[in-house]
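**Student:** The structure follows.
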Amino acid sequence: MSLWMILPVSLPVLTITGIWVVYAMALYNQHVCPVDNWSYNQSCEEDLYLQSGPTFCCTLDNVPLISKCGTLPPESCFFSLICSTGSFMVAVIVLLRYAHVIEKHQNCVLNTASLSTGWICAAGLIMVGNFQVDNAKVLHYVGAGIAFPTSMLFVCLQSALTYRLAKTQGEYNVAHLRLCMTLLAFVALVLSGVFFCQESFVLQHNSAIFEWVFCVIIMLFYGTFAFEFADMSSDTMVVLARGPAGKEHKVDSLGSLGGPILHLRPHQPENMSIL
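Now the structure itself:
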């Protein structure tokens with residue numbers, strides 16, 4: 072078992088815990104309404120942070136969307152830190168997964184496409200975290216428009232890749248798990264997007280809930296890479312350093328270490344006629 076498996080496990084632990092801390096800070100500072108609050112008004116006599124409770128008057132500006140939770144300081148600082156750190160970890164995990172597939176199997180279109188979409192998702196995540204929705208709305212929505220669809224595409228590609236490479240029953244079980252998570256994430260993303268475009272207070276609140284569900288599922292999906300990372304070794308780094316052809320170079324190098332390389336040639340039948 073390799074220590075590399077700690078990396079995909081630490082990503083969901085860090086991000087999910089961090090985002091919930093950001094939500095708790097926003098709730099404590101009365102920047103957003105609680106998730107269990109379903110009462111909204113078109114306008115309130117005073118802003119949410121000036122209200123004393125126990126019941127609060129909330130508007131659409133107080134819907135507990137993840138972006139809203141990380142809009143105002145001090146939680147916005149932690150939100151940027153978590154998104155930037157998570158983006159870096161996503162980029163590393165995606166790259167290591169790409170090299171691991173090449174080492175254990177061979178490179179393919181699904182593997183290359185997963186690498187590209189994973190890195191694009193990481194770039195969008197940086198924009199989401201560092202351009203808060205109330206301060207730079209256009210850039211924030213551009214980042215969200217990049218991060219959410221590409222993260223969905225990434226898990227779809229990885230689910231298909233897992234089925235393609237599966238050989239044992241355990242690997243097929245992992246593929247089934249990832250397929251279920253992909254379907255749940257797709258439903259949550261669609262519902263979140265559809266509800267977000269509505270003017271209804273209840274639907275907007277539902278959008279926030281499904282957004283949280285989608286993000287949690289995606290982070291847990293990354294955690295499943297611990298199954299593959301458990302048998303990762305330094306050879307993966309060699310493949311990564313040499314590129315997609317690293318596996319072939321590794322095999323060819325055995326000859327220089329004293330190990331004979333047999334080159335089999337097709338049998339050529341003897342010529343039975345003598346001219």
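For any residue, its number in the working numbering is found by taking its place in the sequence shown, counting from 1, and adding 71. The beta-carbon is built from N, C-alpha and C at its ideal position, and this holds for glycine as well.
(1) So, with DSSP's three-state summary, where would you put CYS129?
(2) Tell me which same chain residues have a C-beta within less than 7 Å of the C-beta of VAL213, skipping the five on either side of it?
(3) So who's on the other strand from TYR99, going by DSSP bridges?
(4) Residues in its own chain within less than 8 Å of LEU232 by CB, not counting five upstream and five downstream?
(5) Given a cut-off of 9 Å on the beta-carbon distance, is the pair HIS102 and GLU146 in contact?
(6) Identify, in the order they occur along the chain, each residue of the same chain with its Cβ nearer than 6 Å to the Cβ of VAL84, setting aside the five sequence neighbours on each side.
(7) Could you work out which residue in SER187, THR126, ILE87 is closest to CYS154 when comparing CA atoms only?
(8) Just to confirm, are LEU196 and GLY141 a CB contact at a threshold of 9 Å?
(9) Using 10 angstroms around the beta-carbon of TRP91, count the other beta-carbons present and answer buried if the total reaches 16, otherwise exposed.
(10) Around the Cβ of THR126, are there at least 16 other Cβ atoms within 10 angstroms (buried) or fewer (exposed)?
(11) Using the C-alpha atoms, what's the distance from ASP132 back to LYS139?
(12) State the Cα-Cα distance for the pair LEU228 and LEU121, rounded to the nearest angstrom.
(13) Taking just the CA atoms, how far does SER230 sit from LEU250?
(14) Does the separation of the CB atoms of VAL134 and HIS276 fall below 9 Å?
(15) Can you say whether ALA193 is buried or exposed, counting buried as having 16 or more other CB atoms within 10 angstroms of its CB?
(16) Relative to the C-alpha of ARG313, which residue among TRP109, GLU282, ALA218, GLU174 is closest?
(17) Exposed or buried, what is CYS268 when buried is set at 16 or more other beta-carbons lying within 10 Å of its beta-carbon?
(18) Could you tell me which residues DSSP puts in a beta bridge with TYR111?
(19) Suppose contacts are defined by Cβ-Cβ distances below 9 Å. Is VAL80 in contact with GLY294 by that definition?
(20) Since PHE149 and MET96 should fall inside the 8 Å C-beta cutoff, what is the C-beta to C-beta distance between them, to a whole number of angstroms?
**Tutor:** On the basis of the data shown:
(1) For the purposes of this step, residue 129 is identified with residue 58 of the sequence shown, where counting begins at 1. Here CYS129 sits in strand by DSSP.
(2) On the sequence shown, position 142 is the one that residue 213 refers to. Once the five neighbours on either side are set aside, the close Cβ partners of VAL213 are MET198.
(3) Indexing the sequence shown from 1 puts residue 99 at position 28. Per DSSP, none; premise fails for TYR99.
(4) To locate residue 232, count along the sequence shown from 1; it is residue 161. Here the set comprises VAL172, CYS179, LEU181, ASN182, SER185.
(5) Along the sequence shown, read from residue 1 onward, the residue named residue 102 stands at position 31. Along the sequence shown, read from residue 1 onward, the residue named residue 146 stands at position 75. In contact: HIS102 and GLU146 (Cβ atoms closer than 9 Å).
(6) Residue 84 sits at position 13 when you count from the first residue of the sequence shown. Cβ neighbours of VAL84 beyond the five flanking positions: none.
(7) Stepping through the sequence shown from its first residue, residue 154 is reached at position 83. Nearest of SER187, THR126, ILE87 to CYS154, Cα basis: ILE87.
(8) As a working note, residue 196 is residue 125 in the sequence shown. As a working note, residue 141 is residue 70 in the sequence shown. No, the Cβ-Cβ distance between LEU196 and GLY141 is not below 9 Å.
(9) As a working mapping, residue 91 is identified with position 20 in the sequence shown. The residue in question, TRP91, is exposed, as its Cβ has fewer than 16 Cβ neighbours within 10 Å.
(10) The residue you call residue 126 lines up with position 55 of the sequence shown. THR126 is exposed by the Cβ-count criterion.
(11) Here the question's residue 139 lines up with position 68 in the sequence shown. Here the question's residue 132 lines up with position 61 in the sequence shown. Distance between the alpha carbons of LYS139 and ASP132 is about 8 Å.
(12) In the sequence shown, the residue the question calls residue 228 occupies position 157. In the sequence shown, the residue the question calls residue 121 occupies position 50. Computed Cα separation, rounded: 47 Å.
(13) For the purposes of this step, residue 250 is taken as residue 179 along the sequence shown, with counting starting at 1. For the purposes of this step, residue 230 is taken as residue 159 along the sequence shown, with counting starting at 1. Going from the Cα of LEU250 to the Cα of SER230 covers about 6 Å.
(14) For the purposes of this step, residue 134 is taken as the residue at position 63 of the sequence shown. For the purposes of this step, residue 276 is taken as the residue at position 205 of the sequence shown. Yes, the Cβ-Cβ distance between VAL134 and HIS276 is below 9 Å.
(15) Along the sequence shown, one-based indexing puts residue 193 at 122. Buried.
(16) Mapped onto the sequence shown, residue 313 falls at position 242. Among TRP109, GLU282, ALA218, GLU174, the Cα nearest to that of ARG313 belongs to GLU174.
(17) Taking the first residue of the sequence shown as position 1, residue 268 is located at position 197. Per the 10 Å Cβ criterion, exposed.
(18) Counting from one through the sequence shown, the residue named residue 111 turns up at place 40. Paired residues: CYS129.
(19) Translated into the one-based positions of the sequence shown, residue 80 becomes position 9. Translated into the one-based positions of the sequence shown, residue 294 becomes position 223. Their beta carbons are under 9 Å apart, which means VAL80 touches GLY294 by this criterion.
(20) Translated into the one-based positions of the sequence shown, residue 149 becomes position 78. Translated into the one-based positions of the sequence shown, residue 96 becomes position 25. Yes, PHE149 and MET96 are in contact; Cβ-Cβ is about 7 Å, under 8 Å.
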